[in-house]
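According to full-length UniProt numbering, the sequence shown is numbered sequentially starting from 1.
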Amino acid sequence: MDESLVGLNLTGRTRTWPESGISPMANGTEMLTTKTSEDYRFYAISAEFLEFSNKDKTLVFQFSIKHEQKLDCGSGYMKLLSGEIDQKKFGGDTPYSIMFGPDICGYATKKVHAILTYNGTNHLIKKDVPCETDQLTHVYTFILRPDATYSILIDNEEKQKGSLYEHWSYSHLRRSRIPKPRRYRLPEPEVWDDKEYIPDPKDKKPEGYDDIPKEIPDVDAKKTAPTIPNPEYKGPWKAMKIKNPNYMGKWKAPMIDNPEACEVLTSARTHACPSPARIHIRDSGFGKRLRRALPIFLARVCSVVVVRLN
Numbered sequence: 001m002d003e004s005l006v007g008l009n010l011t012g013r014t015r016t017w018p019e020s021g022i023s024p025m026a027n028g029t030e031m032l033t034t035k036t037s038e039d040y041r042f043y044a045i046s047a048e049f050l051e052f053s054n055k056d057k058t059l060v061f062q063f064s065i066k067h068e069q070k071l072d073c074g075s076g077y078m079k080l081l082s083g084e085i086d087q088k089k090f091g092g093d094t095p096y097s098i099m100f101g102p103d104i105c106g107y108a109t110k111k112v113h114a115i116l117t118y119n120g121t122n123h124l125i126k127k128d129v130p131c132e133t134d135q136l137t138h139v140y141t142f143i144l145r146p147d148a149t150y151s152i153l154i155d156n157e158e159k160q161k162g163s164l165y166e167h168w169s170y171s172h173l174r175r176s177r178i179p180k181p182r183r184y185r186l187p188e189p190e191v192w193d194d195k196e197y198i199p200d201p202k203d204k205k206p207e208g209y210d211d212i213p214k215e216i217p218d219v220d221a222k223k224t225a226p227t228i229p230n231p232e233y234k235g236p237w238k239a240m241k242i243k244n245p246n247y248m249g250k251w252k253a254p255m256i257d258n259p260e261a262c263e264v265l266t267s268a269r270t271h272a273c274p275s276p277a278r279i280h281i282r283d284s285g286f287g288k289r290l291r292r293a294l295p296i297f298l299a300r301v302c303s304v305v306v307v308r309l310n
């Protein structure tokens, strides 16, 4: 039998589940199962479990479901409820934190619902994830990670993944940009020599240097010779440059932390797995056991199945 269901208080049944019991598995094990009976009815069942914390842990939300007949309109969900509910009054209006499972209604709706609740508002995933529509048993898995990423798997095959920030309309989960702390630029010291070269005090002006005219008559001119640039003119006298022995380089003010700056941090709440486990496909007479396993944390969550059968 599934050890996660042994000893749980299964209450809050809205209708009689005539075929609840232990079912043999293809691999020789047994599993606790429940089965609905009448068409066009709502069924619900809840189970209480111990409180746990999801901080820095991965939450795995998983259950298996089988439709015994072709559905025109029906669904099967598992919900994670709070610890402050009356299980005897449990129903479709009972508040929840997570709702996950397949929904089939006509040709338009054949998808997996993944709903997260915050401050009393239900937020649906913005991606369309197709669900299975046959009469075989299928395992649905919803994984929520501490880094705000998620995965949706059907029979251990990943059908959708991404970021909670992008695939849900969570205004409080929007990424907050952490502003860069303001930096102060220190003023240049009064005694700071940034001249890389200085006039050479030993360099002397040549005799007659200032008497060299900037322009001279053009000897080749036919009329009054215009002036042309003097090839020997070197401009005003300036002493040659030498390396400044006191050169300190260009002033660059060091950066210091702004004592008035602050950081903006954000967080999101999820529910966690208290112990490590492996996700596996449970056989219910529909084939050989799939041997692929995913080493992640598995929580004993409050299992709720709401089914509408035609």
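Backbone N, C-alpha and C define an ideal beta-carbon position, used for all residues, glycine too.
- A contact between stretches requires three or more CB pairs, one per stretch, nearer than 8 angstroms, and the region 233 to 250 meets this requirement with the region 210 to 222.
- For H167, the enclosing alpha helix (DSSP H) has its first and last residue at L164 to H167.
- Taking one beta carbon from each stretch, the region 67 to 79 and the region 148 to 162 have fewer than 3 pairs nearer than 8 angstroms; the two do not touch.
- As a beta-bridge residue in DSSP terms, A114 pairs with F100.
- For T137, the uninterrupted beta strand (DSSP E) segment begins and ends at T137 to L144.
- The three-state reading of DSSP puts Y107 in coil, since its state is none of H, G, I, E or B.
- DSSP places Y247 outside both helix and strand once states are collapsed to three, so it counts as coil.
- The count of Cβ pairs closer than 8 angstroms, one atom from the region 45 to 56 and one from the region 112 to 123, stays below three, leaving the stretches out of contact.
- Taking the Cα positions, P95 is about 24 angstroms away from T149.
- For the region 28 to 96, the continuous beta strand (DSSP E) assignments of 3+ residues that do not extend past its boundaries occur at 30 to 33, 59 to 66 and 73 to 80, in sequence order.
- Annotated as proximal: Y197 and K241, with beta-carbon spacing under 8 angstroms.
- Taking C-alpha positions only, Y140 is separated from Y43 by approximately 19 angstroms.
- Y209 sits in a helix when the DSSP states are folded into three classes.
- For Y197, the enclosing beta strand (DSSP E) begins and ends at Y197 to P199.
- Under the three-state reduction of DSSP output, P189 falls in the coil class, being neither helix nor strand.
- If you ignore the 5 residues before and after N244, its C-beta comes within less than 8 angstroms of the C-beta of D193, K195, E196, Y197 and I198, all in its own chain and listed in chain order.
- Cβ atoms of F61 and M78 come within 8 angstroms of each other, at about 7 angstroms.
- Pairing F142 with L81, the inter-Cα distance amounts to about 16 angstroms.
- Following the DSSP letters along the chain, one finds T149 inside the beta strand (DSSP E) bounded by residues T149 to I154.
- Taking C-beta separations shorter than 6 angstroms and ignoring five residues to either side along the sequence, the partners of T227 in its chain run E215, following chain order.
- Between the alpha carbons of H167 and L144 lies a distance of about 13 angstroms.
- Excluding the 5 residues flanking it on each side, S97 has same chain C-beta neighbours closer than 6 angstroms at L80 and T117, in chain order.
- Here I256 carries a strand assignment [DSSP, helix/strand/coil].
- For I65 against G76, the beta-carbon gap comes to about 4 angstroms, under 8 angstroms, which counts as contact.
- Taking 8 angstroms as the cut-off, the Cβ atoms of P146 and T58 count as close.
- Here P226 carries a coil assignment [DSSP, helix/strand/coil].
- Ranked by Cα distance from P254, the first of K204, E232, E188 and D200 is E188.
- If you draw a straight line from the Cα of S53 to the Cα of D93, it comes to about 25 angstroms.
- Under the criterion of beta carbons closer than 8 angstroms, H138 and S169 do not qualify as touching, at roughly 28 angstroms.
- Straight-line measurement puts the Cα of G120 at about 19 angstroms from the Cα of Q87.
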